[in-house]
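Colleague: Numbering (the UniProt record's numbering), first residue to last: 1 to 493.
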Amino acid sequence: MTLIADIAACDREPIRVPGAIQPHGRLLALHGRTLALQAWSGNWIDAADARAAAQALEPQRLHSLPAGQSAVSAGELRIAGAAWKAWAHRSDDAVIVEFEPAQPVSEEEPPIYVLARDLLPQLQSARSVPQLLDAAAEELRQLTGFGRCLIYRFDAEGHGEVLAESLAEGYDSYRGHHFPASDIPLQARDLYLLNRFRLIPDARYQAVPLMAEGGLEVGRIDLSLAHLRSVSPVHLEYMRNMGTLASMSVSIVVDGKLWGLASCHDHDPRYLPPDVRAACSHLGQLLSMQVEAKEAHAEVQSRLELRKLTLEMVAQLSDADASLRGLLGEAALMLRIARATGAAVVLDEQVWTVGDTPPEADLLPLAAWVADLGQDVYESDRLAHSYPDAAPWREVAAGVLALSISRVHRHVIFWFRPEIVRTITWAGDPRKESATDATGRMHPRLSFSSWTQEIAGRCESWTPAEVGAAGELRQALIAIVLRRAEEMAAVAG
Ligand code: BLA
1 MTLIADIAAC
11 DREPIRVPGA
21 IQPHGRLLAL
31 HGRTLALQAW
41 SGNWIDAADA
51 RAAAQALEPQ
61 RLHSLPAGQS
71 AVSAGELRIA
81 GAAWKAWAHR
91 SDDAVIVEFE
101 PAQPVSEEEP
111 PIYVLARDLL
121 PQLQSARSVP
131 QLLDAAAEEL
141 RQLTGFGRCL
151 IYRFDAEGHG
161 EVLAESLAEG
171 YDSYRGHHFP
181 ASDIPLQARD
191 LYLLNRFRLI
201 PDARYQAVPL
211 MAEGGLEVGR
221 IDLSLAHLRS
231 VSPVHLEYMR
241 NMGTLASMSV
251 SIVVDGKLWG
261 LASCHDHDPR
271 YLPPDVRAAC
281 SHLGQLLSMQ
291 VEAKEAHAEV
301 QSRLELRKLT
311 LEMVAQLSDA
321 DASLRGLLGE
331 AALMLRIARA
341 TGAAVVLDEQ
351 VWTVGDTPPE
361 ADLLPLAAWV
371 ADLGQDVYES
381 DRLAHSYPDA
391 APWREVAAGV
401 LALSISRVHR
411 HVIFWFRPEI
421 VRTITWAGDP
431 RKESATDATG
441 RMHPRLSFSS
451 WTQEIAGRCE
461 SWTPAEVGAA
471 GELRQALIAI
481 VLRRAEEMAA
491 VAG
């Protein structure tokens, strides 16, 4: 199997229907209408024990469950002398009930109050997304006692970057590290949009298989919304390879998309009681709302900042000789406008550059190619895909943003960015070497090299705000150049 096929296999693992649960609780699947017992987890003593548990439930509560929503409390029950807490939700045509041993009532302040009192004001006063995330990572560690809590953001391709963390002594830092999309494959990211909380108290657990009556296939029972769902064995191996025995993650959802995860690890097994889990879920929601608000604000700020830079540039040019070449006289400003590391101006057969650019002689054919595209603004974060001659330049110019100023003359302005591989911190790979085993199962380590393959030759993408600002600059330049031509004509006349 090729590497890419292996990664595709990861995406296909049917994690919603594992036919098993984690052992820190028990599960019943009841018929959606009759509430007759259909399936149960193998850690009930036997079918009779499971049936007794089903009978202890209040049918009215189960009948009124809305479809597609997370579990709600189904009460505290005594079954065969032991106290249990139960939660229920509807899944397809079944009612799923999950049981955990009831905890003694705690004397401590409920975690949800602590969260509201301590975190909410901090989130509100945070001035930027990184500040928000730092406060949330810190609070999560206080709440849960996990050794490492980090906040992880996905990019458009699903690759992740650790933006914030809080660590106990003895835990390595992952701040600034990047992880490949395949570490959390697509179907898992989809599921985490639906079910926004998961806990793995002990990555060494033995999965408890579901058993069924009446010909039901347990591999068809959808556990998407079940807290006890047994997670992917590949992921459990990944955790163990990282020296993580317990993990908890909460989804951060912004504009209806999975923006990132708050993810906590511990070197030792760690269980969280239901009230702490509920507080973590709320933290995820609060954080999601605040990130959404702060990002919208930051986008507006960034557009304003770019507009200011564009105006500054235009003012400089109008004061100077108003030729396009003058753009490079303001080298620092020119690079800042597009957060670029190199820029060039091509006027017919003449080339001027600042910063790191491809060789000047190569910019003439590139300008001819861009001009022939007939686009006012052209951008690419992987130029060599469309323009193969660019392949050798990737260290300085993996991507380009270009303005065609004139349809008549070959007047082109370029900004360049280097290959991203050179601009990011690589994750210290905590995983051991391993490959696909005899059963064809994919092991975590391989995802790393696939990521290297995938991002090779790419620069950081040009944002819509940057492309928009370049378009505005183009309009302003055309106006300046035209006015100058008219002035020259007037002088000549
Ligand atoms: C799930 N992978 C996950 C999850 C995380 C990560 C956070 C969510 C489950 C949880 O809360 O533990 C990955 N965890 C990370 C990363 C960091 C971290 C990157 O802390 C960084 C510090 N994983 C692989 C490969 C495959 C794979 C190669 O590396 C596929 C073959 C699979 N990861 C995988 C699957 C899940 C997963 C299938 C879903 C687990 C489930 O919910 O069943």
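Glycine included, every Cβ here is placed at the ideal spot set by N, Cα and C. Predicted model, so just to flag it, every value in this text is computed and none were measured.
Could you compute how far the alpha carbon of residue 269 sits from the alpha carbon of residue 469?
Modeller: As a working note, residue 269 is residue 269 in the sequence shown. As a working note, residue 469 is residue 469 in the sequence shown. Approximately 51 angstroms between the Cα atoms of the pair.
Colleague: Taking the C-alpha atoms as reference points, what is the distance between residue 478 and residue 251?
Modeller: If you number the sequence shown from 1, residue 478 lands on position 478. If you number the sequence shown from 1, residue 251 lands on position 251. Each residue's alpha carbon lies about 47 angstroms from the other.
Colleague: Shorter than 8 angstroms from the beta carbon of residue 378 to some beta carbon of chain B?
Modeller: No chain B is present in this structure, which holds just one protein chain.
Colleague: Residue 254 and residue 231 look like a contact to me (Cβ under 8 angstroms); what is the Cβ gap, rounded to whole Å?
Modeller: Here residue 254 refers to the residue found at position 254 of the sequence shown. Here residue 231 refers to the residue found at position 231 of the sequence shown. Not a contact, Cβ separation roughly 24 angstroms.
Colleague: Below 8 angstroms on the Cβ atoms is my guess for residue 338 versus residue 466; work out the distance and round it to an integer in Å.
Modeller: Translated into positions along the sequence shown, residue 338 becomes position 338. Translated into positions along the sequence shown, residue 466 becomes position 466. Confirmed, Cβ separation roughly 6 angstroms.
Colleague: Is the beta carbon of residue 263 within less than 7 angstroms of some heavy atom of the ligand BLA?
Modeller: By 1-based counting over the sequence shown, the position of residue 263 is 263. Checking the Cβ of residue 263 against the ligand BLA gives yes.
Colleague: Just the Cα atoms here: how many angstroms apart are residue 340 and residue 417?
Modeller: Residue mapping note: residue 340 aligns to position 340 of the sequence shown, counting from 1. Residue mapping note: residue 417 aligns to position 417 of the sequence shown, counting from 1. Spanning the two alpha carbons is a distance of roughly 5 angstroms.
Colleague: Please classify residue 150: does DSSP put it in a helix, a strand, or coil?
Modeller: Indexing the sequence shown from 1 puts residue 150 at position 150. Residue state, collapsed to three classes: strand.
Colleague: Determine, using beta carbons only, whether residue 494 and residue 462 come nearer to each other than 8 angstroms.
Modeller: The structure shown does not extend to residue 494, since the chain is modelled only from 1 through 493, so no value can be given for it.
Colleague: Name the DSSP bridge partner or partners of residue 257?
Modeller: Taking the sequence shown and counting its residues from 1, the one referred to as residue 257 is at position 257. Looking at the DSSP assignment, residue 257 forms a beta bridge with 254.
Colleague: Contact between the stretch 209-222 and the stretch 299-307 is defined here as three or more beta-carbon pairs at a separation below 8 angstroms; is this criterion met?
Modeller: No, the stretch 209-222 does not touch the stretch 299-307.
Colleague: Could you have a look at residue 10 and say whether DSSP puts it in helix, strand or coil?
Modeller: The residue you call residue 10 lines up with position 10 of the sequence shown. It is helical.
Colleague: When you compare the CB positions of residue 326 and residue 343, do they come within less than 8 angstroms of one another, or not?
Modeller: If you number the sequence shown from 1, residue 326 lands on position 326. If you number the sequence shown from 1, residue 343 lands on position 343. No, they are not a contact pair.
Colleague: If you measure between the beta carbons of residue 47 and residue 28, is that distance less than 8 angstroms?
Modeller: Taking the first residue of the sequence shown as 1, we reach residue 47 at position 47. Taking the first residue of the sequence shown as 1, we reach residue 28 at position 28. No, they are not a contact pair.
Colleague: One question on the structure: do residue 101 and residue 87 come within less than 8 angstroms of each other, judged by their Cβ atoms?
Modeller: Numbered from its first residue, the sequence shown carries residue 101 at position 101. Numbered from its first residue, the sequence shown carries residue 87 at position 87. Their beta carbons are not under 8 angstroms apart, which means residue 101 does not touch residue 87 by this criterion.
Colleague: Taking 7 angstroms as the cut-off, is the beta-carbon of residue 232 closer than that to any non-hydrogen atom of the ligand BLA?
Modeller: To locate residue 232, count along the sequence shown from 1; it is residue 232. Yes, since a heavy atom of the ligand BLA falls inside the 7 angstroms radius drawn around the Cβ of residue 232.
Colleague: Are the CB atoms of residue 132 and residue 287 nearer to each other than 8 angstroms?
Modeller: Taking the sequence shown and counting its residues from 1, one reaches residue 132 at position 132. Taking the sequence shown and counting its residues from 1, one reaches residue 287 at position 287. Taking 8 angstroms as the Cβ cut-off, residue 132 and residue 287 qualify as a contacting pair.
Colleague: Under 7 angstroms: does the beta carbon of residue 150 sit that close to some heavy atom of the ligand BLA?
Modeller: Within the sequence shown, numbered from 1, the residue matching residue 150 stands at position 150. Checking every heavy atom of the ligand BLA against the Cβ of residue 150, one is found closer than 7 angstroms.
Colleague: Count the other C-beta atoms from every protein chain shown that fall within 10 angstroms of the C-beta of residue 412, then say buried if there are 16 or more, exposed otherwise.
Modeller: As a first step, residue 412 must be located in the sequence shown, where it is residue number 412. Burial call: buried.
Colleague: Measure the C-alpha to C-alpha separation of residue 187 and residue 324 and round it to an integer number of angstroms.
Modeller: By 1-based counting over the sequence shown, the position of residue 187 is 187. By 1-based counting over the sequence shown, the position of residue 324 is 324. Going from the Cα of residue 187 to the Cα of residue 324 covers about 50 angstroms.
Colleague: Which stretch, first to last residue, makes up the alpha helix (DSSP H) that contains residue 394?
Modeller: Counting from one through the sequence shown, the residue named residue 394 turns up at place 394. First-last of the alpha helix (DSSP H) with residue 394: 394-397.
Colleague: CB residue 397 to CB residue 357, shorter than 8 angstroms?
Modeller: The residue you call residue 397 lines up with position 397 of the sequence shown. The residue you call residue 357 lines up with position 357 of the sequence shown. Their beta carbons are under 8 angstroms apart, which means residue 397 touches residue 357 by this criterion.
Colleague: Would residue 72 be called buried (16 or more neighbouring beta carbons within 10 Å of its own) or exposed?
Modeller: For this step, residue 72 is matched to residue 72 along the sequence shown. So residue 72 counts as exposed.
Colleague: Between residue 199 and residue 239, which are expected to be in contact by the criterion C-beta below 8 angstroms, what is the C-beta distance as a whole number of angstroms?
Modeller: Taking the first residue of the sequence shown as position 1, residue 199 is located at position 199. Taking the first residue of the sequence shown as position 1, residue 239 is located at position 239. Between residue 239 and residue 199 the Cβ distance is about 12 angstroms, and since that is not below 8 angstroms, they are no contact.
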